[in-house]
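Enquirer: If you're matching them up, the sequences are chains W and L in order.
Last residue of the first sequence? That's 334 in our numbering, and every number before it is there in order.
Last residue of the second sequence? That's 1334 in our numbering, and every number before it is there in order.
Protein chains: 2
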Amino acid sequence: MNLTQSLVTGVLFSLCLPAWADRATDEPITPISPAQVSNPELVELGKQLYFDPRLSRSGFISCNSCHNLSMGGTDNLPTSIGDHWQQGPINSPTVLNASMNLAQFWDGRAADLKAQAGGPIENPKEMASNHTLAVEVLRSIPEYRASFKARFGNEAITIDQVTTAIAAFEETLVTPNARFDQWLKGDDDALTEQEQSGYALFKEIGCTACHYGPAIGGKSFQKMGLIEAYQTNNPAQGRAGVTGKDADRFMFKVPTLRNIALTYPYFHDGAYWNLSEAVDVMARLQLGRQLNDDENARIVAFLKTLTGQQPDFKLPILPPSTPETPRPEPFPEN
Amino acid sequence: MNLTQSLVTGVLFSLCLPAWADRATDEPITPISPAQVSNPELVELGKQLYFDPRLSRSGFISCNSCHNLSMGGTDNLPTSIGDHWQQGPINSPTVLNASMNLAQFWDGRAADLKAQAGGPIENPKEMASNHTLAVEVLRSIPEYRASFKARFGNEAITIDQVTTAIAAFEETLVTPNARFDQWLKGDDDALTEQEQSGYALFKEIGCTACHYGPAIGGKSFQKMGLIEAYQTNNPAQGRAGVTGKDADRFMFKVPTLRNIALTYPYFHDGAYWNLSEAVDVMARLQLGRQLNDDENARIVAFLKTLTGQQPDFKLPILPPSTPETPRPEPFPEN
Ligand code: HEC
Ligand code: HEC
Ligand code: HEC
Ligand code: HEC
Ligand SMILES: [Ca+2]
Ligand SMILES: [Ca+2]
């Protein structure tokens, strides 16, 4: 869907929806289904890898450091802290429901979760390891060798297997059963009147042009600052960095609004901490519309109903290193 | 018990123990009991605080960063990484079974877990916050206010309540049911012959003089390098830093040997990664004894039976910050 189509669809929905319609199929936003896990052992392995700081050179930083599953799958910082406390270039997006994205990263430069997962391991500003070293670490640990053998039929352990396992775990990181989903599925009492009217307004003014689908985003690239330019010191150029086209400057993947109450600060530069301010920015910059306080509060109330069931699993226990394990290098002198 | 008494006790045990004795009561090492949780809600609150990086100024470092419960309650680094990637002064000891210690820290400068827990929050090299700020952060979060109110009868939130809750959680971090404990409780098949003979040797040569009790350590301060000096670049002076007495130089709290296979690298300077080397150092420096390869392997085999049941709970989910929450300061410019 392009923007005009989406805007039209959004408006049609809000004008034409009969009270008795099956909301779950007729609304521009659809409920999230719980993850279907076909290979639980692979998911378990991926979970261990996700929590394992030995995939970083320092031995200190894991995927969970920047996408903390106790905190909505983000670090709740404007930009991330990477190896040696280096400041990251951009806000860390949530991994929750990331499987629903049309592509990964703010500029969509990775096709899917598997393609994405290899990146941070060898990014010198993030985990600062490399694929050879990361695989060598895992190969030195008998429990990992056994797990990879059980999952992939051999003990070789390749980075391809590592990213397959991490992606399989990430695919389970969906957050069903938000109050909004309960309402979508027909429970009229799941939302207050204010929340319902916030949703109506969200559709009416055109937010659903960009924020639609089960993840309420993640399905298209759109210009940040469509009507009015976004002021930021962050040098990120968005999609143009991938396509090289000037027309793609400031085109970012529309972020999911699922769990938006947990994923502050907002926007690719993490400049806004307050959801109410982020909504105000969106209305003005993307839709040329100044919301009054009541309108803003209604939309914020609606957005807060999008917090779904958070990760619900036991803290993974990691198998210990061995004398053969390459040692972490937390400090230059070590 | 002083050293001589302990040595005698150790020797007596190994000479006099009849085969039919109740090992659980007659051995110098006793099994760990599962935690008795009298106030599960307080423990839950403490668990959240333990995992909450908002107790640090950067918003990035939690207790779990340096005492990672996925990794034996340590960071598996020689010395820790603190705020702004500062190098810590000493190896991070495990929090597992720390409740059994006669005092906390390598030099015992904190009387108990509660007295300890306030330290890292305001240590500029660790979490780099301060008690006022940490409490202000918690007070700004309605779910925390409600939890503290339910646990302590008021919403005030004091650092005393914070450390009470963290300590209550830490008290649950015991690791019962190691294979060695099963054997102690009478299951003869729980240990191999090599492991049993390793334990016999451990007692016979006098390791139990210092490593005894349920935690197999933690019950006394002893000189590191009793017979032969320990070579290290680490400036830590041990107990002398607390008492000011020259006689207390290099007196360190004897560490627990529970889960020793998980808590590498070893010694207060984290200089030894290999358990076999650590055992060799101990035998030479503390007992003036050069173990042969077979003896060393037997003791190491025994020590590896001390890995108990690791933390077994769900990843805690943290309540989100609010616009009132003081913002983290990960980088100077922010
Ligand atoms: C040092 C911080 C850091 C670490 C460590 C890190 N990430 Fe990220 N992650 C980020 C940042 C920042 C981005 C956004 C980068 C961009 O879009 O250019 C990102 C993007 C992502 C995305 C894309 C989400 C989206 O909606 O586009 C996924 C998925 C992801 N990371 C998963 C992982 C996994 C898996 C690991 C571990 C193998 C990991 N991350 C390690 C900071 C980190
Ligand atoms: C024309 C497309 C478009 C429209 C219309 C739009 N958005 Fe967005 N939205 C985006 C894009 C693109 C971003 C990411 C911008 C960035 O980070 O630079 C975004 C980001 C957001 C964020 C921050 C998400 C995060 O995790 O950082 C919120 C909240 C949000 N939008 C809400 C809304 C609301 C509410 C409306 C309607 C008032 C709306 N959006 C309308 C495209 C749109
Ligand atoms: C930046 C790393 C770091 C952080 C963060 C940290 N610790 Fe520690 N912890 C250490 C180090 C290093 C020591 C040993 C210091 C010493 O003995 O002088 C230690 C000692 C301890 C001890 C004593 C254990 C023993 O056997 O003596 C306990 C208990 C403990 N920490 C719990 C915590 C709690 C609870 C928090 C969070 C409030 C925390 N730590 C945060 C690194 C850290
Ligand atoms: C005289 C007291 C004493 C005796 C006897 C003793 N130890 Fe220790 N042990 C200590 C002290 C004190 C430390 C901490 C030293 C340090 O870190 O500087 C320690 C540390 C250790 C460690 C490393 C623990 C860690 O987590 O870093 C191991 C392993 C160990 N001892 C095993 C043994 C074995 C095996 C024997 C017998 C061969 C033994 N010890 C005999 C006092 C003793
Ligand atoms: Ca964010
Ligand atoms: Ca250690």
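Cβ atoms here follow ideal geometry from the backbone N, Cα and C, with glycine treated the same way.
Just so you know, these numbers come straight off a predicted model, no measurement behind them.
Name the chain L residues that come within less than 7 Å of Pro124 (chain W), Cβ to Cβ?
Expert: What you label residue 124 (chain W) is simply residue 124 of the first sequence in a count that begins at 1. Near Pro124 (chain W) there are no residues of chain L at all, since even the closest Cβ is about 14 Å away, more than 7 Å.
Enquirer: Find the residues of chain W that neighbour Gly1059 (chain L), judging by a C-beta separation of less than 7 Å, and give them in chain order.
Expert: Residue numbering aside, residue 1059 (chain L) sits at position 59 when the second sequence is read from its first letter. Going along chain W in sequence order, the residues near Gly1059 (chain L) (Cβ under 7 Å) are Asn76 and Leu77.
Enquirer: Beta carbon of Leu1069 (chain L): closer than 7 Å to some heavy atom of ligand 3?
Expert: The residue you call residue 1069 (chain L) lines up with position 69 of the second sequence. Every heavy atom of ligand 3 is 7 Å or more from the Cβ of Leu1069 (chain L), so no.
Enquirer: Compute the Euclidean distance between the alpha carbons of Thr1243 (chain L) and Phe1221 (chain L), then round it to the nearest angstrom.
Expert: Within the second sequence, the letter at position 243 stands for residue 1243 (chain L). Within the second sequence, the letter at position 221 stands for residue 1221 (chain L). If I take the Cα positions, the gap works out to 12 Å.
Enquirer: Can you tell me which of the three DSSP states Pro1328 (chain L) falls into?
Expert: Position 328 of the second sequence, counting from 1, holds the residue named residue 1328 (chain L). Residue state, collapsed to three classes: coil.
Enquirer: Mapping the DSSP letters down to three states, classify Pro1018 (chain L) as helix, strand or coil.
Expert: Counted from its first residue, the second sequence places residue 1018 (chain L) at position 18. Its pLDDT being 45, under 50, Pro1018 (chain L) is placed unreliably in this model, and the value from its coordinates should be taken loosely. In the structure shown, Pro1018 (chain L) sits in coil (DSSP, three-state: anything other than H, G, I, E or B).
Enquirer: Any C-beta of chain L sitting closer than 8 Å to the C-beta of Gln237 (chain W)?
Expert: As a first step, residue 237 (chain W) is located in the first sequence; it is residue number 237 there, counting from the start. Taking Cβ atoms only, chain L never reaches closer than 8 Å to Gln237 (chain W), which makes this a no.
Enquirer: Would Trp1183 (chain L) count as contacting chain W if we go by Cβ distances under 8 Å?
Expert: Residue mapping note: residue 1183 (chain L) aligns to position 183 of the second sequence, counting from 1. Closer than 8 Å: no.
Enquirer: With distance defined between alpha-carbon atoms, name the residue in L:Thr1325, L:Ala1271 and L:Leu1318 nearest to Asp947 (chain L).
Expert: The first residue shown for chain L is 1001 and the last is 1334, placing residue 947 (chain L) beyond what the model contains.
Enquirer: Report whether the distance from the Cβ of His1211 (chain L) to the nearest heavy atom of ligand 4 is below 7 Å.
Expert: Stepping through the second sequence from its first residue, residue 1211 (chain L) is reached at position 211. Within the cutoff, so yes.
Enquirer: Going straight from the alpha carbon of Leu1226 (chain L) to that of Ala1209 (chain L), what length do you get?
Expert: Residue mapping note: residue 1226 (chain L) aligns to position 226 of the second sequence, counting from 1. Residue mapping note: residue 1209 (chain L) aligns to position 209 of the second sequence, counting from 1. Roughly 12 Å separates the two Cα atoms.
Enquirer: Using C-beta distances below 7 Å, list every residue in its chain close to Lys223 (chain W), excluding the 5 sequence neighbours before and after it, in chain order.
Expert: Within the first sequence, numbered from 1, the residue matching residue 223 (chain W) stands at position 223. Cβ neighbours of Lys223 (chain W) beyond the five flanking positions: Phe250 and Met251.
Enquirer: From the DSSP output, which residues share a beta bridge with Gly59 (chain W)?
Expert: Numbered from its first residue, the first sequence carries residue 59 (chain W) at position 59. Answer by DSSP bridge pairing: none, since Gly59 (chain W) is not bridged.
Enquirer: For Pro1018 (chain L), collect the residues of the same chain with a Cβ closer than 8 Å to its Cβ; drop the 5 residues on either side in sequence, then sort them by chain order.
Expert: For the purposes of this step, residue 1018 (chain L) is identified with residue 18 of the second sequence, where counting begins at 1. With a pLDDT of 45 at Pro1018 (chain L), under the threshold of 50, the modelled position of that residue is not reliable, and the figure given next carries that caveat. Result list for Pro1018 (chain L): empty, nothing under 8 Å.
Enquirer: Going by DSSP, what residues sit across from Gly1308 (chain L) in a beta bridge?
Expert: By 1-based counting over the second sequence, the position of residue 1308 (chain L) is 308. Gly1308 (chain L) is not bridged to any residue.
Enquirer: Is DSSP giving Phe1221 (chain L) helix, strand or coil here?
Expert: Taking the first residue of the second sequence as 1, we reach residue 1221 (chain L) at position 221. Correct three-state label for Phe1221 (chain L): strand.
Enquirer: Reducing DSSP to helix, strand and coil, say where Gln1005 (chain L) ends up.
Expert: On the second sequence, position 5 is the one that residue 1005 (chain L) refers to. Confidence at Gln1005 (chain L) is low in this model, with a pLDDT of 49, below 50, so its placement is unreliable and the value that follows should be read with caution. Correct three-state label for Gln1005 (chain L): helix.
Enquirer: Are the beta-carbon atoms of Met100 (chain W) and Pro214 (chain W) separated by less than 8 Å?
Expert: As a working mapping, residue 100 (chain W) is identified with position 100 in the first sequence. As a working mapping, residue 214 (chain W) is identified with position 214 in the first sequence. Yes, these two residues count as a Cβ contact at 8 Å.
Enquirer: Going by C-alpha distance, which of L:Ala1236, L:Gln1182 and L:Lys1219 is nearest Arg1023 (chain L)?
Expert: Counting from 1 along the second sequence, the entry for residue 1023 (chain L) is found at position 23. Cα-wise, what sits closest to Arg1023 (chain L) is L:Gln1182.
Enquirer: Are Phe313 (chain W) and Leu1315 (chain L) close, meaning C-beta to C-beta below 8 Å?
Expert: If you number the first sequence from 1, residue 313 (chain W) lands on position 313. If you number the second sequence from 1, residue 1315 (chain L) lands on position 315. The answer is yes: Cβ separation under 8 Å.
Enquirer: Quick one: what does DSSP say Tyr272 (chain W) is sitting in, helix, strand or coil?
Expert: Position 272 of the first sequence, counting from 1, holds the residue named residue 272 (chain W). Three-state result, Tyr272 (chain W): strand.
Enquirer: Which whole-angstrom value is the C-beta distance of Ser1140 (chain L) and Thr1322 (chain L), which I expect to be below 8 Å?
Expert: Here residue 1140 (chain L) refers to the residue found at position 140 when the second sequence is read from its first residue. Here residue 1322 (chain L) refers to the residue found at position 322 when the second sequence is read from its first residue. About 6 Å; that satisfies the 8 Å criterion.
Enquirer: Using the beta-carbon of each residue, find all residues closer than 5 Å to any heavy atom of ligand 5 and list them in chain order.
Expert: Cβ atoms closer than 5 Å to ligand 5 belong to W:Asn91 and W:Thr263.
Enquirer: In this structure, how does DSSP classify Thr1164 (chain L) when only helix, strand and coil are distinguished?
Expert: Your numbering for residue 1164 (chain L) matches position 164 in the second sequence. If DSSP states are grouped into helix, strand and coil, Thr1164 (chain L) belongs with the helices.
Enquirer: Three or more beta-carbon pairs under 8 Å between the stretch 1274 to 1285 of chain L and the stretch 1030 to 1039 of chain L, yes or no?
Expert: Too few Cβ pairs lie closer than 8 Å, so no.
Enquirer: With a threshold of 8 Å on Cβ separation, who are the neighbours of Thr325 (chain W) within its own chain once the five nearest residues in sequence on each side are excluded?
Expert: Start at 1 with the first residue of the first sequence, and residue 325 (chain W) comes out as number 325. Closer than 8 Å at the Cβ level, and outside the excluded window around Thr325 (chain W), lie Arg54, Val137, Ser140 and Ile141.
Enquirer: Any Cβ of chain W within less than 8 Å of the Cβ of Val1008 (chain L)?
Expert: Taking the first residue of the second sequence as position 1, residue 1008 (chain L) is located at position 8. Because the pLDDT at Val1008 (chain L) is just 46, under 50, the model does not fix this residue reliably, and the point stays unresolved.
Enquirer: On a CA-only basis, which of L:Asp1293, L:Leu1077 and L:Phe1152 is nearest Asn1039 (chain L)? Give me that one, please.
Expert: Taking the second sequence and counting its residues from 1, the one referred to as residue 1039 (chain L) is at position 39. The shortest C-alpha separation from Asn1039 (chain L) is found at L:Phe1152.
Enquirer: Taking 7 Å as the cut-off, does the CB of Tyr1230 (chain L) come closer than this to any heavy atom belonging to ligand 3?
Expert: As a working note, residue 1230 (chain L) is residue 230 in the second sequence. No; taking the cut-off as 7 Å, the Cβ of Tyr1230 (chain L) has no heavy atom of ligand 3 nearer than that.
Enquirer: Check each residue of the stretch 310 to 326 of chain W: if its Cβ is closer than 8 Å to any Cβ of chain C, include it; give the result in chain order.
Expert: In the structure shown, chain C cannot be found, because the protein chains are W and L.
Enquirer: Give the residues of chain L in contact with Leu173 (chain W), contact being defined as C-beta atoms less than 9 Å apart.
Expert: Position 173 of the first sequence, counting from 1, holds the residue named residue 173 (chain W). Under the 9 Å cutoff, chain L gives no residues; its nearest Cβ is about 12 Å from Leu173 (chain W).
Enquirer: Buried or exposed for Ala168 (chain W), please, with buried defined as at least 16 other CB atoms from any protein chain shown within 10 angstroms of its CB.
Expert: Within the first sequence, numbered from 1, the residue matching residue 168 (chain W) stands at position 168. Answer is buried; the Cβ neighbour count reaches 16.
Enquirer: Between Leu184 (chain W) and Glu27 (chain W), which are expected to be in contact by the criterion C-beta below 8 Å, what is the C-beta distance as a whole number of angstroms?
Expert: Position 184 of the first sequence, counted from the start, is the residue given in the question as residue 184 (chain W). Position 27 of the first sequence, counted from the start, is the residue given in the question as residue 27 (chain W). Contact flag correct, Cβ pair sits at about 6 Å.
Enquirer: What number of angstroms, rounded off, separates the C-alpha of Thr1111 (chain L) from the C-alpha of Gln1104 (chain L)?
Expert: If you number the second sequence from 1, residue 1111 (chain L) lands on position 111. If you number the second sequence from 1, residue 1104 (chain L) lands on position 104. A small fix is needed here, since residue 1111 (chain L) is Ala in this sequence, not Thr. Spanning the two alpha carbons is a distance of roughly 6 Å.
Enquirer: Is the beta carbon of Tyr50 (chain W) less than 8 Å from the beta carbon of Cys66 (chain W)?
Expert: Taking the first sequence and counting its residues from 1, one reaches residue 50 (chain W) at position 50. Taking the first sequence and counting its residues from 1, one reaches residue 66 (chain W) at position 66. Going by C-beta atoms, Tyr50 (chain W) is not nearer than 8 Å to Cys66 (chain W).
Enquirer: In the DSSP assignment, find the beta strand (DSSP E) that holds Lys1253 (chain L) and state where it starts and stops.
Expert: The count along the second sequence starts at 1 and reaches residue 1253 (chain L) at position 253. Residues Met1251 to Lys1253.
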